[in-house]
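In mature numbering (1 follows the signal peptide of the UniProt record, and there is no 0), the protein residues as written are -19 to -1, 1 to 599.
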């Protein structure tokens, strides 16, 4: 009996460890047929959803997102926009002023689970469904749904007749099953910004007037019937005809489409395995888009090399929406911009294909892991497309420091919709998220950061990684302990501020005293430049790193003893006369987000002067 109990115990431990090391994923398969009425801006749809419960849990309810319901007076999105201190200029009070013909809605007319009707209730942007039959672990179930919907006037991301005259930007347009993961259901109401979805396959048929060119997630299955730039054959359609566009999108977590009667459709090859499609209006905009297209192709080549291979065979850059927004295999961007601005937004949104489209982190909880990492990579790509002597990450770091000084900063652990201000959300997610990676490169070394990001992408694509998953990758890659960095920089608003307190002659040597004035500890590079033209880096690891970085950024580096984080000061001696020293600088590469640069150098810089430029290292 004891032997049997021991075997059962060991088996349960094995299962538990396996569940932790091999993250399970729910699975969906959508089959949708949509009949679109472009006169009324309305559509009817049927949806067959096959849902596989790969979790160890039994589910008694399911939830759907009904995003279009946000675009109604009195919705949570409307009220939040009218009560936050710095509303999005695209939204403000516009939702509250929509007429019945201008609002958006999704209305469920029928829902069956395994062929039997179920009880459901619309609660704002969430459909709550109570099941008659439990969904057991390891089982597959079908949901048949019928719905009516109306496209709202373009306000945020989705809608009709945007500011540039694009007819339809169809994002967040269908009843979408909420994600259930190891943390449970994520049935968040649509308030403002981020999205999280279940991995799966989409089979979508869209029927609408033949005069429209459609751009979408996925691969068009009937190009020779459709034409519109998808086929090399000449395809003509009669006025008043309707076309059914058939798209298949494998292994994605969302499906977007756009339609306009004036789209130009260009196709460029990145390589033999990837085509880029461009959809834009054929007016004065065309010449700028033609210049942008080859630069967008170069962006994908750079990203494939630096971060990992984009696995799909197609990506579409589509004029539409209200700025820039990423979706699987496609993006919507407003296009009336000059070339630098147009390529910048195109680069940013397309890079989301790696951090949102393929890694699929829960953006609502960890927007910095998507927006921030995308911004970091965007800075690198833009620096290659438009070479400059300036550090591509500097403006991002300064943006973060400005937020700190404003007193509005909130921790990166804040839910995307729950920041007190839009500024705090934006700078935290985009700027501090980028600073997080740039600064991590300073902690573990540039080469380890680069190899770690590739490893992170290759090991965690299609798996919804969280911050700890990233930390473990970087710890394995660098051999260092990094929980202290995640805990302080992500979980708090503690800031970094180091200074040179004292430099004094000590016989033929020079003694240096450093002080930690900020609450957050960091390892330090302290570079001494001598009057004879030589230079030496004194590297001080943190004790709690349990190791040190290996980086050949400087000609000579001297490894000093660890700095325990509770000690406010640290002293070391240089075997050179004080008269030999020209300058001493803490963190001359400026990868550390020190909020006060005025105390980082000896001789000290003049108070109130511009931030020191990054010193040349050799």
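Think of the CB as a built atom: it goes at the ideal place given N, C-alpha and C, for glycine as much as any other residue.
- Closest in alpha carbon position to residue 96, among 348, 344, 242 and 28, is 28.
- The beta carbon of residue 101 is closer than 8 Å to those of 89, 92, 108, 109, 110 and 111 in its chain, skipping five residues each way along the sequence.
- No Cβ-Cβ contact shorter than 8 Å links residue 465 with residue 448.
- A straight-line Cα-Cα distance of about 52 Å links residue 425 and residue 208.
- In the three-state scheme derived from DSSP, where H, G and I count as helix and E and B as strand, residue 27 is classed as strand.
- Around the beta-carbon of residue 478, 16 or more other beta-carbon atoms lie within 10 Å, marking it buried.
- In this structure, the straight-line span from the alpha carbon of residue 144 to that of residue 78 is close to 17 Å.
- Between residue 333 and residue 10, the alpha-carbon positions lie close to 23 Å from each other.
- Just measuring C-alpha positions, the residue of 137, 120, 156 and 151 sitting nearest residue 127 is 156.
- The beta carbon of residue 420 sits closer than 7 Å to those of 572, 573 and 574, all from its chain and outside the five residues before and after it, given in chain order.
- Contact annotation: residue 293 and residue 285 have beta-carbon atoms that are not nearer than 8 Å.
- Separation of residue 324 and residue 436 (C-alpha to C-alpha, rounded to the nearest whole angstrom) is 28 Å.
- In the DSSP assignment, the residues bridged to residue 238 are 151 and 197.
- Residue environment analysis places residue 172 among the buried positions, since at least 16 neighbouring C-beta atoms fall within 10 angstroms of its C-beta.
- Counted as a single uninterrupted DSSP element, the alpha helix (DSSP H) harbouring residue 454 occupies residues 448 to 459.
- Exclusion of the five residues before and after residue 517 leaves 509 and 537 as the residues of its chain whose Cβ lies within less than 6 Å of its Cβ.
- For the set 428, 57, 303 and 337, the Cα lying nearest the Cα of residue 140 is the one of 303.
- Under the 8 Å Cβ criterion, the stretch 15 to 35 counts as touching the stretch 178 to 194, having at least three qualifying pairs.
- Cβ contact annotation for residue 384 (same chain, cutoff 6 Å, sequence separation greater than five): 390 and 408, in chain order.
- About 5 Å separates the CB atoms of residue 540 and residue 520; that is less than 8 Å, so the two are in contact.
- In the structure shown, residue 46 adopts extended strand secondary structure according to DSSP, grouped into three states.
- When the five nearest sequence neighbours on each side are left out, the beta carbons in the same chain lying within less than 6 Å of the beta carbon of residue 532 are those of 426, in order along the chain.
- Each of 85, 416 and 142 was checked against the Cα of residue 51, and the nearest Cα belongs to 85.
- In the structure shown, the three-state DSSP call for residue 535 is coil.
- It is roughly 38 Å from the alpha-carbon of residue 166 to the alpha-carbon of residue 261.
- Distance from the CA atom of residue 82 to the CA atom of residue 53, rounded to whole angstroms, is 11 Å.
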